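In my numbering, the protein residues as written are 562 to 625.
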């Protein structure tokens with residue numbers, strides 16, 4: 562990552578908004594690789610799992 566005083570760190574989101582993804586990639590070329598196995602395991606453990614919606618309450622008998 563470029564640490565010169567004229568270059569401020571920025572996020573990938575900001576780089577996408579600015580159209581500077583190529584520069585972002587170049588700045589992060591030396592970053593250590595991520596743990597692909599851990600990422601895949603996390604995604605697989607989350608796949609198809611969502612919080613169940615609470616059971617709907619039954620309406621009281623009313624004269625509406």
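Where is the CB? At the ideal position from N, CA and C, for every residue including glycine. Quantities reported herein were computed from a predicted structural model and do not represent experimental measurements.
Please report the straight-line C-alpha distance between residue i and residue j, rounded to a whole angstrom.
i           : j           : result
residue 592 : residue 600 : 17 Å
residue 576 : residue 590 : 15 Å
residue 598 : residue 609 : 19 Å
residue 596 : residue 588 : 20 Å
residue 619 : residue 613 : 18 Å
Any idea what DSSP makes of residue i, helix, strand or coil?
i           : result
residue 608 : coil
residue 578 : helix
residue 590 : coil
residue 619 : coil
residue 613 : coil
Between residue i and residue j, how many whole angstroms is the CB-CB distance? I'm expecting something under 8 Å.
i           : j           : result
residue 585 : residue 573 : 6 Å
Using a Cβ-based criterion (distance less than 7 Å to any ligand heavy atom), does residue i qualify as near the ligand GTP?
i           : result
residue 609 : Here there are no bound small molecules, and the ligand GTP is not part of this structure.
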